[in-house]
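Student: The structure that follows is given in the form of structure tokens.
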Amino acid sequence: MSSSTWRQPASDSDVPSDPGQAASSADGDPGTGSTASGRSERRFWSARRIPAALVALLSVAAIGLFLYDVVSVRTGRSAMRWRRRLAEELATRPLDDTWVIVGAAVAMALGLLLFLLAVTPGLRRLLPMRQPTGIPGAEEVHAGLDRRAVALVLRDRAVQVAGVRSARVAVGRRKVKARAEARFRDLEEVRADLDATLGEAVTSLGLARPPALTVQVRRPKKG
148 MSSSTWRQPA SDSDVPSDPG QAASSADGDP GTGSTASGRS ERRFWSARRI
198 PAALVALLSV AAIGLFLYDV VSVRTGRSAM RWRRRLAEEL ATRPLDDTWV
248 IVGAAVAMAL GLLLFLLAVT PGLRRLLPMR QPTGIPGAEE VHAGLDRRAV
298 ALVLRDRAVQ VAGVRSARVA VGRRKVKARA EARFRDLEEV RADLDATLGE
348 AVTSLGLARP PALTVQVRRP KKG
């Protein structure tokens, strides 16, 4: 039985500061135990508990109400007014009626939404990590990093670059956008150092699909 887990870096110390260590992990050195498995890592799937609970509750309520009314009719009572009205409307209203079209469109939209929830993984905030080899039981572990934690780690790395006053990092599934303000040094030099530092940090995180890095540097606004 396979298990799934995810881990979140607690601080900047979780990211190796040695570029050689990051490079060896990315290149798949057998001695490090961090070699990529050579296959595409699967994304994390959400349990969809809230949508499933809502659908289940609404279904139980609707089925229970219809069942109660049917049992009442079988015991000699008259059907509820809403069910008689619904049966009458369904029997007499034409298919090209506005309300029929609107109801069909709403039902189709809800069905499409439920279908998308069923076939899409969800949990977009988790980035899958490479699966290590050479470690017993490692193939049963499915690890990932929270995108917000990755952004914090990269931001901490960015502000350590000489000349950087402040930095903001946005981490997506495929892209990392870093924006920094430099108070001294040439902007191109700061941008080159940021690009190298953040590139090493992204590589050392061990993500299955390292996102593309975009770095922007500007001077702080006066006043």
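In terms of the numbering used here, the sequence shown has 173 at position 26, counting the first letter as 1, and numbering is strictly consecutive.
By construction, the Cβ of each residue, glycine as well, lies at the ideal position given by its N, Cα and C atoms.
Just so you know, these numbers come straight off a predicted model, no measurement behind them.
Measure the Cβ-Cβ separation of Leu345 and Leu360 and say whether it is below 8 Å.
Tutor: By 1-based counting over the sequence shown, the position of residue 345 is 198. By 1-based counting over the sequence shown, the position of residue 360 is 213. Yes.
Student: Between which two residues does the beta strand (DSSP E) holding Pro283 run?
Tutor: In the sequence shown, residue 283 corresponds to position 136, counting from 1. No beta strand (DSSP E) holds Pro283; DSSP gives it neither H nor E.
Student: Under DSSP, the beta strand (DSSP E) around Asp293 begins and ends at which residues?
Tutor: Taking the first residue of the sequence shown as position 1, residue 293 is located at position 146. Start and end: 291 to 293.
Student: When burial is assigned at 16 or more other CB atoms within 10 Å of the CB, is Ser313 buried or exposed?
Tutor: The residue given as residue 313 occupies position 166 in the sequence shown. Exposed.
Student: Whole-angstrom Cβ separation of Gly291 and Phe213, contact assumed at under 8 Å?
Tutor: Here residue 291 is taken as the residue at index 144 of the sequence shown, counted from 1. Here residue 213 is taken as the residue at index 66 of the sequence shown, counted from 1. With 8 Å as the limit, Gly291 and Phe213 do not qualify as a contact, their Cβ atoms being about 43 Å apart.
Student: Straight-line CA distance for Val220 to Ala226?
Tutor: Residue numbering aside, residue 220 sits at position 73 when the sequence shown is read from its first letter. Residue numbering aside, residue 226 sits at position 79 when the sequence shown is read from its first letter. Each residue's alpha carbon lies about 6 Å from the other.
Student: Figure out for me which residue from Arg315, Val288, His289 has the closest Cα to the Cα of Val300.
Tutor: By 1-based counting over the sequence shown, the position of residue 300 is 153. Considering only alpha carbons, the answer is Arg315.
Student: Determine the extent of the beta strand (DSSP E) in which Pro358 is found, giving its start and end residues.
Tutor: In the sequence shown, residue 358 corresponds to position 211, counting from 1. Per DSSP, Pro358 belongs to no beta strand (DSSP E) and is neither H nor E.
Student: If we call anything under 8 Å between Cβ atoms a contact, is Val364 one with Ala327?
Tutor: In the sequence shown, the residue the question calls residue 364 occupies position 217. In the sequence shown, the residue the question calls residue 327 occupies position 180. Yes; because the gap between Cβ atoms is below 8 Å, this pair is in contact.
Student: Nearest by alpha-carbon distance to Phe331: which of Val202, Val297, Pro367 is it?
Tutor: The count along the sequence shown starts at 1 and reaches residue 331 at position 184. That would be Pro367, whose Cα lies nearest to the Cα of Phe331.
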